[in-house]
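Asks: Below is one structure. I have some questions about it.
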Amino acid sequence: KDINDADVSYLHAALRVTPNDIWDIQLSYHYQREQGDNRDAQSATPGIPQRKVTTLLDEPSTRELHLGSLDIEVDFGFAALTSSTSYYQTTTEAIGDGTGIYGTLGYLFTPRITARSNLDSRKSAVVQEARLVSNSDGPVDWIIGVYYQNEDSIELNEHDYFLGDGLIGNPVTDPTDLFLHLRRTSDFSDLAGFGELTYHVTDRWQVTGGFRAFKQKFDSFSFFNFPAFGFYPGDPNSFKDSDVLFKANTSYEVNDAATVYATFSQGFRRGGANSIPTSGPLAEPAGLISYAADRVNNYEIGVKGRFDSGIRYSAALYYIDWSDAQIGTLSPVFGYDVAVNGGDATGKGAEFELSGPLTDDLEFSFGYAYTDAHLEEGFSGYVSGAPDARLPGVSKHALSGSLDYSRAVSADLDFLAHIDGSYRSKFVNSVDPGADIYREFEGFPLIGASLSLASERWRVSLYAENLFDELGLSAQNDPVENGSLYHVEWGVRPRTIGLMLSAEY
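The sequence shown lines up with residues 17 to 521 when you count with the numbering used here.
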């Protein structure tokens with residue numbers, strides 16, 4: 017009971033200086049610390065009650081974030097120059113219970129039956145962006161800018177049970193009690209230039225075109241230490257990529273209350289490296305070390321506007337052409353989380369939204385989305401994907417809605433009532449129906465509500481999340497690899513009722 021408590025601390029400080037009408041300078045700092053007692057998972061073994069776990073060890077984690085930024089805006093009259101410089105560092109320390117994985121190997125569990133994993137990582141980056149935005153009354157608007165990012169990261173994975181001694185029943189002889197030590201370092205840099213040009217053909221019709229040209233470089237190196245078997249340096253991994261992405265948009269105001277539009281845009285997601293051993297007793301295929309970038313072409317048409325009653329609406333149709341799709345899966349030997357390129361995929365769908373007032377005191381919102389996303393063809397190799405397989409985590413149908421009621425209690429006090437809900441239909445977690453981890457998850461609804469009293473400077477709220485205590489299952493680990501006691505599944509947070517007080521000074 018109460019094994020997954022979490023504490024979150026947050027600090028934000030900012031200093032803004034506007035010496036005149038030309039300069040605007042702001043310095044900001046954000047700090048956040050998250051500390052959790054255990055992962056939010058429950059046992060998936062038949063016969064074990066809901067929201068119970070049978071793991072042997074606690075799995076606490078701590079994450080810290082430091083983010084500093086300097087934003088400078090200079091108004092030149094004809095255009096405004098904006099410079100944003102930021103630095104961030106994240107540090108994660110976590111403990112994992114790997115007993116279930118080792119338990120399926122069949123050794124004798126002596127001198128002890130637990131295997132703890134230390135999972136630590138650190139990531140830091142410098143990001144700089146500068147853009148010049150036009151400020152004129154003519155028919156042409158433009159934006160031009162540059163972007164730079166340099167990111168360093170290090171990952172550490174240690175398993176502390178010495179399997180060789182456990183197998184033959186000897187006392188632990190390795191002084192560090194270490195079975196596996198995995199370390200990966202990486203460096204990523206991204207330099208880009210971008211621009212956008214908008215031409216107002218008439219007061220109601222505009223056409224926009226834009227581009228982003230970039231050059232990226234990624235380097236990583238891994239090594240693996242198995243004290244029982246030796247040291248295995250990994251292969252360095254490096255790649256470079258460059259490309260130019262384009263976008264185009266046009267919109268036309270049919271009247272003062274309706275606009276139609278069409279958009280084409282291109283997207284890019286960089287490649288990377290997986291933290292897996294490629295030599296030693298648990299060697300994974302060397303081809304899984306790296307994965308390539310994937311790209312998308314997006315096409316969308318839509319309409320948006322408002323009725324005379326004040327109700328707002330929007331509707332859109334879209335099509336996505338996805339090349340070399342990056343898909344998350346498990347490595348074939350030891351079940352590491354890895355990303356692979358799964359060939360081409362497509363997605364098509366429709367979205368519809370309504371929102372606005374029903375009465376002077378009551379407002380509503382409603383949304384529906386239909387999505388059909390699947391692989392264009394199957395692929396095989398180190399991992400497999402079935403032809404026409406649904407993409408993981410994508411529901412065909414999604415609904416959302418809310419109601420907000422407000423009424424003045426006195427001259428400076430308001431009563432507010434809110435309820436919201438969402439629903440997603442069933443979805444899968446893998447593109448390979450034959451994989452041990454494959455599962456089709458049932459759809460589920462989520463309902464939340466709150467009652468509030470609010471003035472200009474303070475608010476007190478009684479709220480409830482997941483009002484009907486849905487499990488909302490959406491992921492699981494590999495039942496074969498982890499064994500019955502360590503087969504777990506992840507869902508949403510149980511019903512939560514709380515009181516929140518906020519004040520402004």
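Glycine included, each C-beta is placed from N, C-alpha and C at the ideal position. From a predicted model like this one, the values you see are computed outputs, not experimental measurements.
So which of A331, L378, G437 and A402 has the shortest CA-CA distance to Y386?
Replies: Selected option, being the one with the closest Cα: A331.
Asks: Are the Cβ atoms of F210 and G225 separated by less than 9 angstroms?
Replies: Not closer than 9 angstroms, so no.
Asks: Grouping DSSP H, G and I as helix and E and B as strand, with all else coil, what is A22?
Replies: Here A22 sits in strand by DSSP.
Asks: Taking the DSSP output, what are the residues bridged to Q66?
Replies: Bridge partners of Q66: none, in fact.
Asks: For H434, write down the residues that DSSP places opposite it in a beta bridge.
Replies: DSSP lists D420 and S466 as partners of H434.
Asks: What are the boundary residues of the alpha helix (DSSP H) that E497 is part of?
Replies: Unbroken alpha helix (DSSP H) run through E497: P495 to N498.
Asks: Decide if the stretch 340-349 is in contact with the stretch 297-315; the criterion is three or more beta carbon pairs, one per stretch, under 8 angstroms apart.
Replies: The stretch 340-349 vs the stretch 297-315: in contact.
Asks: Please list the terminal residues of the continuous beta strand (DSSP E) segment that includes R406.
Replies: From DSSP, R406 is part of no beta strand (DSSP E); its letter is neither H nor E.
Asks: Short check: CB of D257 to CB of Q232, under 9 angstroms?
Replies: Against a cut-off of 9 angstroms, the Cβ pair of Q232 and D257 comes out as a contact.
Asks: Excluding the five sequence neighbours on either side, which residues of its own chain have a C-beta within less than 6 angstroms of the C-beta of T108, listed in chain order?
Replies: Closer than 6 angstroms at the Cβ level, and outside the excluded window around T108, lie R79 and S137.
Asks: Are there 16 or more other CB atoms within 10 angstroms of the CB of A289, so buried, or fewer, so exposed?
Replies: That one is buried.
Asks: Looking at E212: is its Cβ nearer than 9 angstroms to the Cβ of I160?
Replies: Yes, these two residues count as a Cβ contact at 9 angstroms.
Asks: Return the chain-ordered ranges of every beta strand (DSSP E) run that is complete within the stretch 245-299 and spans a minimum of 3 residues.
Replies: Counting only runs of 3 or more, we get 246-249, 253-271 and 274-285.
Asks: If contact is defined by three or more beta carbon pairs under 8 angstroms, each pair taking one atom from either stretch, is the stretch 22-34 in contact with the stretch 48-68?
Replies: With the cut-off at 8 angstroms, the stretch 48-68 and the stretch 22-34 touch.
Asks: State the DSSP-derived secondary structure class of L374, mapped to helix, strand or coil.
Replies: Residue state, collapsed to three classes: coil.
Asks: Give me the residue from G358, G417 and P408 with the minimum Cα distance to F380.
Replies: Out of G358, G417 and P408, G417 has the C-alpha closest to the C-alpha of F380.
Asks: Got a sec, what are the start and stop residues for the beta strand (DSSP E) H503 sits in?
Replies: Run containing H503: none; DSSP gives neither H nor E here.
Asks: Are three or more beta carbon pairs between the stretch 399-414 and the stretch 353-368 nearer than 8 angstroms?
Replies: Verdict: yes, contact present.
Asks: Would you call the stretch 418-431 in contact with the stretch 446-460, where contact means no fewer than 3 C-beta pairs closer than 8 angstroms?
Replies: The answer is no - the stretch 446-460 does not touch the stretch 418-431, with fewer than three Cβ pairs under 8 angstroms.
Asks: Looking at A465 and L487, is the spacing between their C-beta atoms short of 9 angstroms?
Replies: No, they are not a contact pair.
Asks: Does the separation of the CB atoms of R311 and G283 fall below 9 angstroms?
Replies: Yes.
Asks: Just verifying my parser: in three-state terms, what is the DSSP assignment at G514?
Replies: Correct three-state label for G514: strand.
Asks: Short check: CB of Y454 to CB of H413, under 9 angstroms?
Replies: Not a contact, by the Cβ cut-off of 9 angstroms.
Asks: Please report how far the alpha carbon of L179 lies from the alpha carbon of G116, in whole angstroms.
Replies: Legend: pLDDT at L179 = 47, less than 50; position of this residue unreliable, value from coordinates given subsequently. Between L179 and G116, the C-alpha separation is close to 13 angstroms.
Asks: What does the alpha-carbon distance come out to for the pair R32 and P510?
Replies: Going by the C-alpha atoms only, they are around 41 angstroms apart.
Asks: Could you check which residue in S254, A299 and D157 has the C-alpha nearest to that of F94?
Replies: Out of S254, A299 and D157, D157 has the C-alpha closest to the C-alpha of F94.
Asks: Report buried or exposed for D518, applying the criterion of at least 16 other Cβ atoms within 10 angstroms of its Cβ.
Replies: The question names Asp, yet the displayed sequence has Ser at residue 518. Under this definition S518 is an exposed residue.
Asks: Relative to the C-alpha of Y479, which residue among I435, A427 and F443 is closest?
Replies: Comparing Cα-Cα distances from Y479 to each of I435, A427 and F443, the minimum goes to I435.
Asks: If you run the structure through DSSP and keep just helix, strand and coil, what is T214?
Replies: Looking at T214 - three-state DSSP - the assignment turns out to be strand.
Asks: Would DSSP call I184 helix, strand or coil?
Replies: With a pLDDT of only 47 at I184, under 50, the local geometry of the prediction cannot be trusted, and the value read off the model is given with reservation. Looking at I184 - three-state DSSP - the assignment turns out to be helix.
Asks: So what does DSSP say about G154, is it helix, strand or coil?
Replies: Coil at G154, not helix or strand.
Asks: I'd like the span of the beta strand (DSSP E) that includes A60, first residue to last.
Replies: It is not in any beta strand (DSSP E) - A60 carries neither H nor E in the DSSP assignment.
Asks: Using a Cβ-based criterion (distance less than 8 angstroms to any ligand heavy atom), does S477 qualify as near the ligand GDP?
Replies: This structure lacks the ligand GDP, and indeed carries no ligand of any kind.
Asks: Taking DSSP's pairing of strands, which residues face V149 in a bridge?
Replies: DSSP, once it has assigned bridges, lists A96 and I159 as partnering V149.
Asks: Please classify E472 as buried or exposed, where buried requires at least 16 other C-beta atoms within 10 Å of its C-beta.
Replies: Exposed, by the Cβ-count rule.
Asks: Return helix, strand or coil for G112, following the three-state DSSP convention.
Replies: If DSSP states are grouped into helix, strand and coil, G112 belongs with the strands.
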